[in-house]
Amino acid sequence: MIPSQMLKGTLEGCILAIISRRETYGYEIAQTLGSFGFGKIAEGTIYPLLLRLERSGFVSTDYRASELGPKRKYYKLTQAGSEELELFTASYRELEKAVNAALRGKSNEE
């Protein structure tokens, strides 16, 4: 299981990546994260992040009918969201490179 402190800074970027592939809703996002190895992510974690992404203009939303109950709120990436995802990806790759170097005990300059 991944410690929650490690997850905190990466979930937004991962959620943007999931939404970039297709329009989706909160429960499906949580299931997708689980299938990627994140474990069970609580709704109390997912929905505040989605709200923040919406307020930041990174995703747009609309409600659609569901065959299984009430309408679902679907999330779609905006242009600003695509740009934010690109920034996240670049930053994450830099972090990944630095962490791997630290774990190996060799600087990236060697």
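All the letters of the sequence shown, read from the start, carry residue numbers 3 to 112 under the numbering used here.
Virtual Cβ for every residue (Gly too), placed ideally from N, Cα, C.
Exposed unless 16 or more other CB atoms sit within 10 angstroms - verdict on residue i
{"i": "E85", "result": "exposed"}
{"i": "L105", "result": "exposed"}
{"i": "F38", "result": "exposed"}
{"i": "G83", "result": "buried"}
{"i": "L70", "result": "exposed"}
C-beta contact flag for residue i and residue j at 8 Å
{"i": "K78", "j": "S62", "result": "yes"}
{"i": "E14", "j": "L51", "result": "yes"}
{"i": "I21", "j": "I48", "result": "no"}
{"i": "T12", "j": "Y94", "result": "yes"}
Span separating the alpha-carbon of residue i from that of residue j
{"i": "G41", "j": "I17", "result": "14 Å"}
Among the options, the one whose alpha carbon lies nearest that of residue i
{"i": "I43", "options": "A103, L9 and E69", "result": "L9"}
{"i": "E25", "options": "T80, L89 and L97", "result": "T80"}
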